[in-house]
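Engineer: First residue of the sequence shown? That's 1197 in this note's numbering, and the numbers climb one at a time after it.
The C-beta atom is built at its ideal place from N, Cα and C for all residues, glycine as well.
Dropping a structure here in structure tokens format, bear with me for questions.
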Amino acid sequence: MKGIVTGGSNNIFTVECEDGIVRRCGIKGKKLKDSSGYYNPLAPGDEVTLEADELSDDCGKLTGILPRKNEFVRWNVKGRRPQLLAANLDYLICVTTPESPPFRPRFVDRALIQADYAHIEPVILCNKCDLGFAPETDVRLAEWERLGYRVLRVSAKTGEGLSRLAALLEGKLSAFVGQSGVGKSSILNVLDPNCVLRTGNLSEKYGRGTHTTTRGALCHLTIDEAFTGGRAGGDLGYAGVRASVIDTPGVRRFVLHDISAADLALYFREMEPLVGGCSFGMSCSHEQEAGCKILEAVYSGVILEDRYVSWMRIREELAGNGWAD
Ligand SMILES: Nc1nc2c(ncn2[C@@H]2O[C@H](COP(=O)(O)OP(=O)(O)OP(=O)(O)O)[C@@H](O)[C@H]2O)c(=O)[nH]1
Ligand SMILES: [Mg+2]
Ligand SMILES: [Zn+2]
């Protein structure tokens, strides 16, 4: 029998099986457990094969995994291994805020790079737009749009922008990632009033999220009619507009996996066409050389300086010189 992983930890996974039953499953044999090289062998969104337990209805054993369409991974610093956050995605929804917690464009830059690397279409979702935008935030959001990224401005509090988000999510599998406290779980709860994910306040002292969601989980939303223009229950023959989403725990640090410092510029869409064109060719460090096309583009404003700073910091980190924010 086949199924889809909706969550799990410590090698026990919850699986929605094709017979409609949700089963808790351990892994049969060592092969599946050890083969991935990841911190966790399976993640929400994974398609698996399993044997149902004959004695208990809601248990089973995983026997295999179907080939993945894509994998969204980050480097787990504590575990010293890559960690699979979600698999088989249509969209990576990268959630950020203009404030509370403070706008962190480098977090978004990192997630965009990892998504592009994994061939998953990223979407930037700026939540809490009821709080207003500082000019720097506006500039960065507009720059991502100019680079071809889809940017949505929404508010889980006022409902602003959620119809556009609902239309995007419809019929797809998307994962929400972002720092703790940006409102990932809140947005899902508002889109589907029957969804009861736990949400948490920001810490008073630091204004950061408090890591309310502790495990990734896939859920199926039936989107509130308020956001679907009354199409719910329409001619498609099912009750309500559906979307599958994976809520993930907020991470403080998003460290890239499997991208080398030398290749990083290829994942900055505005730098990629210039790579190789400098006077020193591929050996240019883009830091001080004469005839550097990337520096010229920064000086003339074609590359936003703050994106260049992002690139430098991430490159330092990938080169093994420690983590910089
Ligand atoms: N002003 C405002 N506050 C919001 C909005 N959306 C969420 N919040 C608040 O932000 C806080 C954090 O929301 P969560 O949904 O728990 O954030 P999260 O991203 O799921 O956080 P983790 O699970 O810790 O990763 C809560 O106090 C929410 O009420 C919004 O659009 N505007
Ligand atoms: Mg959450
Ligand atoms: Zn150069």
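Suppose you measure from the CA of R1511 to the CA of G1487; what does that come to, to the nearest Å?
Structural biologist: Working through the sequence shown from its first residue, we reach residue 1511 at position 315. Working through the sequence shown from its first residue, we reach residue 1487 at position 291. Roughly 21 Å between the two C-alpha positions.
Engineer: From the DSSP output, read off the bridge partner residues of N1272.
Structural biologist: The residue you call residue 1272 lines up with position 76 of the sequence shown. Under the DSSP definition of a beta bridge, N1272 partners with R1277.
Engineer: Just to confirm my understanding: we take A1439, look at its own chain, exclude 5 residues before and 5 after, and list those with CB closer than 8 Å. What are they?
Structural biologist: Numbered from its first residue, the sequence shown carries residue 1439 at position 243. Taken in chain order, the residues that qualify are A1362, L1365, E1366, G1367, K1368, S1370, L1387, H1416, L1417 and I1419.
Engineer: Out of F1299, N1266 and V1201, which has the shortest C-alpha to C-alpha gap to P1240?
Structural biologist: As a working note, residue 1240 is residue 44 in the sequence shown. The residue with the shortest Cα to Cα distance from P1240 is V1201.
Engineer: Mapping DSSP to helix, strand and coil, what is Y1495?
Structural biologist: Reading the sequence shown from its first residue, position 299 is the one you call residue 1495. Three-state DSSP puts Y1495 in a helix.
Engineer: I'd like to check one pair, I1289 with V1373: are the Cβ atoms closer than 9 Å?
Structural biologist: In the sequence shown, the residue the question calls residue 1373 occupies position 177. In the sequence shown, the residue the question calls residue 1289 occupies position 93. A Cβ-Cβ contact shorter than 9 Å links V1373 with I1289.
Engineer: Using beta-carbon positions only, say whether I1383 and A1422 come within less than 9 Å of one another.
Structural biologist: For the purposes of this step, residue 1383 is taken as the residue at position 187 of the sequence shown. For the purposes of this step, residue 1422 is taken as the residue at position 226 of the sequence shown. No, they are not a contact pair.
Engineer: So, is V1273 buried or exposed, given that buried needs 16 or more other C-beta atoms within 10 angstroms?
Structural biologist: What you label residue 1273 is simply residue 77 of the sequence shown in a count that begins at 1. Residue environment: V1273 is assigned as exposed (fewer than 16 neighbouring CB atoms within 10 Å of its CB, all protein chains considered).
Engineer: Quick one: does the C-beta of K1170 sit closer than 8 Å to a heavy atom of ligand 2?
Structural biologist: Outside the shown range of the chain, which is 1197 to 1521, sits residue 1170, and nothing can be said about it.
Engineer: Please classify M1467: is it buried, with 16 or more other beta-carbons within 10 angstroms of its beta-carbon, or exposed?
Structural biologist: Within the sequence shown, numbered from 1, the residue matching residue 1467 stands at position 271. Classification for M1467: buried.
Engineer: Give the straight-line distance between the Cα atoms of L1281 and R1264, rounded to the nearest whole angstrom.
Structural biologist: Along the sequence shown, one-based indexing puts residue 1281 at 85. Along the sequence shown, one-based indexing puts residue 1264 at 68. Near 13 Å, if we compare the C-alpha coordinates of R1264 and L1281.
Engineer: Going by other Cβ atoms of all chains shown within 10 Å of its Cβ, with 16 needed for buried, is N1323 buried or exposed?
Structural biologist: Mapped onto the sequence shown, residue 1323 falls at position 127. Only buried fits N1323, as 16 or more other CB atoms lie within 10 angstroms of its CB.
Engineer: Near ligand 3, which residues have their beta-carbon less than 5 Å from any of its heavy atoms, given in chain order?
Structural biologist: C1474, C1480, H1482, C1488 and I1490
Engineer: What runs of the beta strand (DSSP E), each 3 residues or longer, lie entirely inside the stretch 1412 to 1497?
Structural biologist: 1413 to 1419 and 1437 to 1443
Engineer: Would you mind working out which of L1514, R1503 and V1447 sits nearest Q1279, comparing C-alpha positions?
Structural biologist: On the sequence shown, residue 1279 is found 83 positions in, with the first residue counted as 1. Comparing Cα positions, the closest option is V1447.
Engineer: Can you find the residues in the same chain that come closer than 6 Å, C-beta to C-beta, to S1359, ignoring five residues on each side of it along the sequence?
Structural biologist: By 1-based counting over the sequence shown, the position of residue 1359 is 163. Taken in chain order, the residues that qualify are F1423.
Engineer: Taking DSSP as the reference, what is the three-state secondary structure of I1200?
Structural biologist: Walking along the sequence shown from the start, residue 1200 turns up at place 4. Residue state, collapsed to three classes: strand.
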